[in-house]
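Chemist: Sending over a structure as structure tokens; questions will come in a sec.
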Amino acid sequence: MKKTIAQLLFLLIIATALGWYYGSPVGGALVGALLAIAWNLQKLYRLDRFMTHWDLNSLPEGDDAWSQIFSKAHYLRQRNLWHKRRYRSLLKEIRKSTDAMPDSAVLLNEYGEIQFCNAAAEKLIGIKSRQDRGQRINNFIRSPRFVQYLKSANQSQPIEIASPVIDDVLLSCQLLPYGGGQRLLLARDITDRQRLTKMRRDFVANASHELRTPLTVITGYLEGLVDDPSVPEAWGQPLLQMQMQSVRMNTIVNGLLELSQLETRGIAAATHEIDVCGLINSATESLQDESRLSPIKVDCASDVRLLGDSNEIDSVIVNLLSNALRHTPKDNDIRISWRRNDDGAVLQVADSGEGVPKQYLPRLTERFFRVDQGRGSTSGGVGLGLAIVKYIVGRHEGKLSIESELGKGTSVSCYFPAKRLVSAAASSD
Amino acid sequence: MMKSTDLTHHISRRYNKDLEDLRNHVLEMGGLVETQLADAITALVTGDSELGLRVAHDDYKVNRYEVNIDEECSRILATRAPAASDLRLIVAIIKTITDLERVGDEAEKIGFLASKLAGMDRPSDSYREVKNLGNHVLRMLRDAMDAFSRLDVDAALAVVPEDEIADQEYEAIARQCITFMMEDPRSINRVMNVTWAARALERIGDHAKNICEYVIYMVQGRDVRHTLKANKSGTSGVEAPK
Numbered sequence: 207m208k209k210t211i212a213q214l215l216f217l218l219i220i221a222t223a224l225g226w227y228y229g230s231p232v233g234g235a236l237v238g239a240l241l242a243i244a245w246n247l248q249k250l251y252r253l254d255r256f257m258t259h260w261d262l263n264s265l266p267e268g269d270d271a272w273s274q275i276f277s278k279a280h281y282l283r284q285r286n287l288w289h290k291r292r293y294r295s296l297l298k299e300i301r302k303s304t305d306a307m308p309d310s311a312v313l314l315n316e317y318g319e320i321q322f323c324n325a326a327a328e329k330l331i332g333i334k335s336r337q338d339r340g341q342r343i344n345n346f347i348r349s350p351r352f353v354q355y356l357k358s359a360n361q362s363q364p365i366e367i368a369s370p371v372i373d374d375v376l377l378s379c380q381l382l383p384y385g386g387g388q389r390l391l392l393a394r395d396i397t398d399r400q401r402l403t404k405m406r407r408d409f410v411a412n413a414s415h416e417l418r419t420p421l422t423v424i425t426g427y428l429e430g431l432v433d434d435p436s437v438p439e440a441w442g443q444p445l446l447q448m449q450m451q452s453v454r455m456n457t458i459v460n461g462l463l464e465l466s467q468l469e470t471r472g473i474a475a476a477t478h479e480i481d482v483c484g485l486i487n488s489a490t491e492s493l494q495d496e497s498r499l500s501p502i503k504v505d506c507a508s509d510v511r512l513l514g515d516s517n518e519i520d521s522v523i524v525n526l527l528s529n530a531l532r533h534t535p536k537d538n539d540i541r542i543s544w545r546r547n548d549d550g551a552v553l554q555v556a557d558s559g560e561g562v563p564k565q566y567l568p569r570l571t572e573r574f575f576r577v578d579q580g581r582g583s584t585s586g587g588v589g590l591g592l593a594i595v596k597y598i599v600g601r602h603e604g605k606l607s608i609e610s611e612l613g614k615g616t617s618v619s620c621y622f623p624a625k626r627l628v629s630a631a632a633s634s635d
Numbered sequence: 011m012m013k014s015t016d017l018t019h020h021i022s023r024r025y026n027k028d029l030e031d032l033r034n035h036v037l038e039m040g041g042l043v044e045t046q047l048a049d050a051i052t053a054l055v056t057g058d059s060e061l062g063l064r065v066a067h068d069d070y071k072v073n074r075y076e077v078n079i080d081e082e083c084s085r086i087l088a089t090r091a092p093a094a095s096d097l098r099l100i101v102a103i104i105k106t107i108t109d110l111e112r113v114g115d116e117a118e119k120i121g122f123l124a125s126k127l128a129g130m131d132r133p134s135d136s137y138r139e140v141k142n143l144g145n146h147v148l149r150m151l152r153d154a155m156d157a158f159s160r161l162d163v164d165a166a167l168a169v170v171p172e173d174e175i176a177d178q179e180y181e182a183i184a185r186q187c188i189t190f191m192m193e194d195p196r197s198i199n200r201v202m203n204v205t206w207a208a209r210a211l212e213r214i215g216d217h218a219k220n221i222c223e224y225v226i227y228m229v230q231g232r233d234v235r236h237t238l239k240a241n242k243s244g245t246s247g248v249e250a251p252k
């Protein structure tokens, strides 16, 4: 830079000196200045051309200010190109890795419009990544369940829908929010998982069905033998034991059958009105007959009717009550109640038995789960009751909740939503 | 040529959103009809009377969509006075939802027939032909709705010759049914129901074809109704209108 200024000054002095020699120093200086401007303009013009064509041959040599600007421009461009290449290859890598994912991923903006999708999305959902960018996702996944899910506020649970492009393929879809209102749609092929579940269900159903016939024969003969006076005295005790165990086995098989039937059904039809209080009263009476058990206190605070399957609700009440009776010492109270709350109704069974340790609470509804493995055989439970209750309550769109305190008792509540209820007054019209 | 992005070219953002919403609602209705049809076919093939009755009952949802979309269309026509491609879009939508509603009615009919057939004897092939025809027209309907959402003329044209195949399949089923009825007059009641179900499926194929023609009209502004069928040489034979 200094050198260029020195050159300029030198030129001006020479030009002024020449002008002074010819009698007009001002004219000389003017000519010198014009020359300097012309020279700079020419450089400016070349810079402009250089930045358009980036022809390295036109890069001027030397170390004056203009050459430095030229080489700086060239350097900046090279650096930009390098960054661009790096980002492009990085993006390519990211694309490749998302394409390698077996699950389809679609990025949606706040209006549900497709921003980006991977190769699996093309295969499972049928989105064409270039053509369909900017379209709303529910233009392609048109299943009413998905459309509803997309609009609903609660998207924490994935939903299962049929693939819109491949026949007989089931997808599990979930929307995950991120950034400002954007969402990531993940869809996974769960056909195999579904098939396995179905196989397991069919197996349990078939196995328990097949077991029932021989069991009936065994129970029948045992009943006869127990009452037969010609059987030697020594056989009495073993026969009684055998009979008890075969009855127990029958209960297990029936429970498994009931469970597998419940599993195959969807949501219970809301066509029949159930008089829950009536069911509670009749169940209490039939169980109370066995007088050695604890007294059951019935509290029917509401006569609201539940919409659903009467047999199943009866099964819930009987299962809960017999659980409570089994775990409550004689003469301790058991309370069963049916009452309305703010957003529906609740069926509650509370005992005053020994209670369940906290760490076992989440596992109570598993099949064959028992808190005390050694105790089951004496008290007569088989460990399927709560599993059945959970399925039935789920089929009636309700929620099951269990609370327990060691030494004080357990209370099981089934919450049913308001849409499943009708008031008794309305139904009698 | 009209592109999907053309819907977003208006100065009024509100107008853009109205048109996009309208299109979106048509596709939602299409999705509902697709589900109804798929359920009806499943009910028929598996003999699930509960599912069949549910399909028949749920038809009111399709009708509600039709009424709402119709209203939306008239509102846009009245307040925005659309021209050119926007006008074609509205006209095509009004026609499309009529066809979709008819498909819904046919699905309702199939659902009802399925619930009736569930109580009768089942043939040894468990309605395999009807299932094939059903899946075929279901795919046609799905492709038609995809073509509608992408405004894809080529995809729409590809659906048109499929209707021919659906017609042939229907013919085959009808002939088979007649044979059954002649062999065993006691089965007439049941077989007649099957024939009606097949007939309903065949009609759905026609409606899917109509929707594709509206897509072509919407994108290219050409009315291709009753002109595409003349060329019977198959998929490749149908030439794209220019």
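As they're listed, the protein sequences go chains A and B. Each number in this note's numbering corresponds to the 1-based position in the first sequence with 206 added. Each number in this note's numbering corresponds to the 1-based position in the second sequence with 10 added. Even for Gly, the Cβ is constructed at its ideal location relative to N, Cα and C.
According to DSSP, is Asp-305/A part of a helix, a strand, or is it coil?
Modeler: Locating residue 305/A in the first sequence gives position 99, counting from the first residue. Asp-305/A carries a helical assignment under DSSP once its states are collapsed to helix, strand and coil.
Chemist: Under 9 Å between C-beta atoms, does Asn-241/B make it to chain A?
Modeler: Here residue 241/B corresponds to residue number 231 of the second sequence, with the count starting at 1. Note that Asn-241/B has pLDDT 48, beneath the 50 cutoff, so the model's placement of it is unreliable and the number below is only indicative. Answer no: the Cβ-Cβ gap between Asn-241/B and chain A never drops below 9 Å.
Chemist: Along the chain, which unbroken stretches of the beta strand (DSSP E) at least 3 residues long are found entirely within the stretch 525-566 of chain A?
Modeler: 540-547, 550-557
Chemist: Are the C-beta atoms of Gly-582/A and some chain B residue less than 9 Å apart?
Modeler: Here residue 582/A corresponds to residue number 376 of the first sequence, with the count starting at 1. Summary for Gly-582/A: the model assigns pLDDT 49, below 50, so the residue's position carries little reliability, and this model does not support an answer.
Chemist: Within the continuous beta strand (DSSP E) that includes Val-618/A, where are the two ends?
Modeler: Here residue 618/A is taken as the residue at index 412 of the first sequence, counted from 1. It spans 615-623 - the beta strand (DSSP E) in which Val-618/A sits, taken as one unbroken run.
Chemist: If you pair each beta-carbon of the stretch 406-414 of chain A with each one of the stretch 323-335 of chain A, do three or more pairs fall below 8 Å?
Modeler: no
Chemist: Among residues of its own chain, excluding the 5 on either side of Asp-557/A, which ones have a beta-carbon nearer than 7 Å to its beta-carbon?
Modeler: The residue labelled residue 557/A in the question sits at position 351 within the first sequence. Excluding positions up to five away in sequence, the list reads Ala-530, His-533, Thr-534, Ile-540, Gly-615, Thr-616.
Chemist: Residues in its own chain within less than 6 Å of Leu-526/A by CB, not counting five upstream and five downstream?
Modeler: Indexing the first sequence from 1 puts residue 526/A at position 320. Cβ neighbours of Leu-526/A beyond the five flanking positions: Val-555, Val-618.
Chemist: With 16 as the cutoff for other CB atoms within 10 Å, does Gly-387/A come out buried or exposed?
Modeler: Numbered from its first residue, the first sequence carries residue 387/A at position 181. That one is exposed.
Chemist: Measure from the C-beta of Arg-235/B to each C-beta in chain A and report whether the shortest distance is under 9 Å.
Modeler: To locate residue 235/B, count along the second sequence from 1; it is residue 225. It does not: the Cβ of Arg-235/B has no partner Cβ on chain A nearer than 9 Å.
Chemist: Along chain B, in chain order, which residues have C-beta atoms closer than 7 Å to that of Ser-636/A?
Modeler: The structure shown does not extend to residue 636/A, since chain A is modelled only from 207 to 635, so the question has no answer here.
Chemist: Answer with buried or exposed for His-636/A, where buried requires no fewer than 16 other C-beta atoms within 10 angstroms of its C-beta.
Modeler: Any property of residue 636/A remains undetermined from this structure, which presents chain A solely from 207 to 635.
Chemist: Would you report the Cα separation of Ile-211/A and Asp-270/A, rounded to the nearest angstrom?
Modeler: In the first sequence, counting from the first residue as 1, residue 211/A sits at position 5. In the first sequence, counting from the first residue as 1, residue 270/A sits at position 64. Ile-211/A and Asp-270/A: Cα-Cα distance of roughly 10 Å.
Chemist: Pick helix, strand or coil for Ile-221/B, following the three-state DSSP scheme.
Modeler: Stepping through the second sequence from its first residue, residue 221/B is reached at position 211. Ile-221/B falls in the helix class under three-state DSSP.
Chemist: Given a threshold of 16 other Cβ atoms within 10 Å of its Cβ, counted over all protein chains shown, does Phe-256/A qualify as buried or as exposed?
Modeler: Residue numbering aside, residue 256/A sits at position 50 when the first sequence is read from its first letter. It is buried - the Cβ of Phe-256/A has at least 16 other Cβ atoms within 10 Å.
Chemist: Across the stretch 24-33 of chain B and the stretch 75-91 of chain B, are there enough close Cβ pairs to call them in contact, namely three or more that are closer than 8 Å?
Modeler: yes
Chemist: Please say whether Leu-217/A and Ala-242/A have beta carbons closer to each other than 9 Å?
Modeler: In the first sequence, the residue the question calls residue 242/A occupies position 36. In the first sequence, the residue the question calls residue 217/A occupies position 11. Contact: yes.
Chemist: Just the chain B side, please: which residues come within less than 8 Å of Val-353/A by C-beta, in chain order?
Modeler: Against the first sequence, residue 353/A aligns to sequence position 147. Within chain B, the residues near Val-353/A are Glu-38, Gly-41.
Chemist: What residue range is occupied by the uninterrupted beta strand (DSSP E) comprising Tyr-384/A?
Modeler: Looking up residue 384/A in the first sequence gives position 178. Element bounds for Tyr-384/A: 376-384.
Chemist: So, does the CB of Phe-346/A fall closer than 9 Å to a CB anywhere in chain B?
Modeler: Here residue 346/A is taken as the residue at index 140 of the first sequence, counted from 1. Cβ-Cβ to chain B under 9 Å: yes for Phe-346/A.
Chemist: Under the DSSP definition of a beta bridge, which residues are partnered with Ser-349/A?
Modeler: As a first step, residue 349/A is located in the first sequence; it is residue number 143 there, counting from the start. For Ser-349/A, which the question treats as bridged, DSSP gives no partner whatsoever.
Chemist: Scan the stretch 16-89 of chain B and note each continuous alpha helix (DSSP H) run of 4 residues or more that stays entirely inside, going in chain order.
Modeler: 23-56
Chemist: Which same chain residues, not among the five before or five after Gln-400/A, have their C-beta less than 7 Å away from its C-beta?
Modeler: Position 194 of the first sequence, counting from 1, holds the residue named residue 400/A. Around Gln-400/A: Leu-376.
Chemist: Quick one: which chain A residues come within Cβ less than 8 Å of Asn-78/B?
Modeler: As a working mapping, residue 78/B is identified with position 68 in the second sequence. Within chain A, no residue comes near Asn-78/B; the closest Cβ sits about 14 Å away, beyond 8 Å.
Chemist: Where Arg-294/A and Trp-288/A are concerned, what is the direct C-alpha to C-alpha distance, given to the nearest angstrom?
Modeler: Translated into the one-based positions of the first sequence, residue 294/A becomes position 88. Translated into the one-based positions of the first sequence, residue 288/A becomes position 82. Rounded to the nearest whole angstrom, the C-alpha separation of Arg-294/A and Trp-288/A is 10 Å.
Chemist: Counting only Cβ pairs nearer than 7 Å, list the residues of chain A close to Met-155/B.
Modeler: Within the second sequence, residue 155/B is the residue found at index 145, counting from 1. Simply Arg-348.
Chemist: Would Glu-139/B count as contacting chain A if we go by Cβ distances under 9 Å?
Modeler: Here residue 139/B is taken as the residue at index 129 of the second sequence, counted from 1. So, not an interface residue.
Chemist: Can you give me the Cβ contacts of Arg-33/B inside the same chain, cut-off strictly under 6 Å, excluding the 5 residues immediately before and after it?
Modeler: As a working note, residue 33/B is residue 23 in the second sequence. Contacts found: none.
Chemist: Using a Cβ cut-off of 9 Å, pull out every chain B residue sitting near Asp-515/A, in sequence order please.
Modeler: By 1-based counting over the first sequence, the position of residue 515/A is 309. Result: empty, since nearest Cβ-Cβ is about 13 Å, beyond 9 Å.
Chemist: For chain B, find out if any of its Cβ atoms is closer than 9 Å to the Cβ of Lys-404/A; answer yes or no.
Modeler: The residue given as residue 404/A occupies position 198 in the first sequence. Not closer than 9 Å to any Cβ of chain B, the Cβ of Lys-404/A fails to qualify, so no.
Chemist: What residues are listed by DSSP as bridge partners for Ile-502/A?
Modeler: Translated into the one-based positions of the first sequence, residue 502/A becomes position 296. Among the bridge pairs identified by DSSP, Ile-502/A is matched with Ile-540/A.
Chemist: On the three-pair Cβ rule with 8 Å, is the stretch 327-343 of chain A touching the stretch 299-313 of chain A?
Modeler: Judged by Cβ distances under 8 Å, the stretch 327-343 of chain A makes contact with the stretch 299-313 of chain A, as three or more pairs qualify.
Chemist: Starting from Asn-145/B, find everything on chain A with Cβ-Cβ shorter than 8 Å and list it in chain order.
Modeler: For this step, residue 145/B is matched to residue 135 along the second sequence. Simply Asp-373.
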